[in-house]
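Each residue of the sequence shown is one higher than the last, beginning at -9 in our numbering. First up is the structure itself, then whatever we jot down about it.
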Amino acid sequence: MMEENKWFPDVEKIWFNGKLVKWEEAQIHVLSHGVAYGSGVFEGLRCYNTIDGPRTFRVKEHIERWRDSAKQIRMTIPYSDEELIEAINNTIIENKLESCYIRPLAFFGYHSLGVHPLDCPVDVVIATWPWENYLGAETIEKGVSCCFSPWIRVHSQMVPSAAKATGLYIGSMLARVDAKDKGFDEALMLDGLGNVAEACTENIFVVKDGVIATPGLDSSILPGITRKSIIELARDLGYTVEVRSIARGEVYSANEIFLTGSAAEIKPVREVDAREIGAGKPGPITKHLISEFSEIVKGENSKYSKWLDPVTKMSIQ
Ligand SMILES: Cc1ncc(COP(=O)(O)O)c(C=O)c1O
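Quick look at the structure:
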């Protein structure tokens, strides 16, 4: 049975195993390995409508992380980088989108249902859709409310936690549901040693006395591409950025906190566990970074045009 496209009626096509197909026709078998075991790897990136037209943000880095994630779960994505970038561009163009969210996904497909996946085909999907204001439009002005989750971020000795693997998101899912149940917008997760790791789907930065700090890869975080961009941008702007372990107490006593992610972009945090952060509204460093970042993604800062790639029609579908 074809699934009607209820959620994104304006988006017509999905790239599925090498072809652009109708949204409703991108179908898999229910017993696919990736459905049964969460054995997939994915990406999330944005296309911005800049002053020079639609541009993807750091697409090559996203493809590289996608491939790194795949390698960590013993998967090979059966397309070249050029083919994947072409597929992304063609999907955006075919759907007549100027700014959108892009979701590349690869998973072990239908073959056998043993846990060993290496005889399964690898199914590859690229979907695009308009996705403004993740975590809510009002949170840019007002800030996000967070709580620490009772669920800890998966440790890299359990599973490769730096991989953006679908199965790992059960942790993020449970943490987000728990936060929402308690009336918060988002959850923060500690790592296996009790240090701060990240939010459910964003990295975290804390600011104290003008110094910006963010956890390192040894805190079981996803190596966020927005995180990497903000570290570079903040240092270029003259801020000190420390990449180090962060204790839970530092979060409560921070002057400012913000979250970064491709979907959320930069979101100020106004409270954590009912403690006001700074003045309970976006602080000056957070606002400065949001304003600089928004110029970059509009294509208005030529220093960072290296982060933006044109979306041009290519021959491969
Ligand atoms: C668990 C997790 N951490 C951090 C991030 C932020 O990463 P990026 O900035 O590359 O989107 C994401 C989103 O992809 C995520 O899912």
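Beta carbons: idealized from backbone N, C-alpha and C, even for Gly. Nothing here was measured: the structure is a model prediction, and the numbers come from that model.
Query, Result
"Sub-8 Å separation of proline 94 and leucine 125 beta-carbons", "no"
"For tryptophan 5, the residue or residues it bridges with in DSSP", "Leu10, Ile116"
"Opposing strand residues paired with aspartate 299 [DSSP bridges]", "Thr46"
"CB-CB length for alanine 189 against cysteine 136, believed under 8 Å", "7 Å"
"Residues bridged to glycine 251 [DSSP beta-bridge criterion]", "Glu255"
"Short CB-CB distance (under 8 Å) between leucine 103 and chain B", "Included in the structure is just one protein chain, with no chain B present."
"Spatial distance of isoleucine 202 from isoleucine 67 (CA atoms)", "36 Å"
"Shell residues, 6 Å Cβ cut-off relative to heavy atoms of ligand 1", "Gly34, Ser162, Glu188, Thr191, Glu192, Asn193, Leu212, Gly214, Ile215, Thr216, Arg217, Thr250, Gly251, Ser252"
"Pairwise C-alpha distance: serine 89 and lysine 121", "One point to set straight first is that residue 121 is tryptophan, not lysine, in the sequence displayed. When rounded, the distance between both Cα atoms is 9 Å."
"In chain order, each alpha helix (DSSP H) run of at least 4 residues that lies wholly inside the segment 65 to 112", "71 to 84"
"Glycine 157 beta carbon less than 8 Å from that of serine 29", "yes"
"Reference serine 252, options Ile82, Ile142, Thr216, Glu266, closest by Cα", "Thr216"
"Opening and closing residue of the alpha helix (DSSP H) in which arginine 143 lies", "First-last for arginine 143: undefined, no H or E at that position."
"Arginine 234, DSSP secondary structure in three states", "coil"
"Cβ pair glycine 43, proline 300 closer than 8 Å", "yes"
"At least three beta-carbon pairs within less than 8 Å, the segment 8 to 15 to the segment 129 to 146", "no"
"Under the three-state DSSP convention, the category isoleucine 194 falls into", "strand"
"Whole-angstrom distance between glycine 34 and lysine 288, CA atom to CA atom", "19 Å"
"Coarse secondary structure for glutamate 131, derived from DSSP in three states", "helix"
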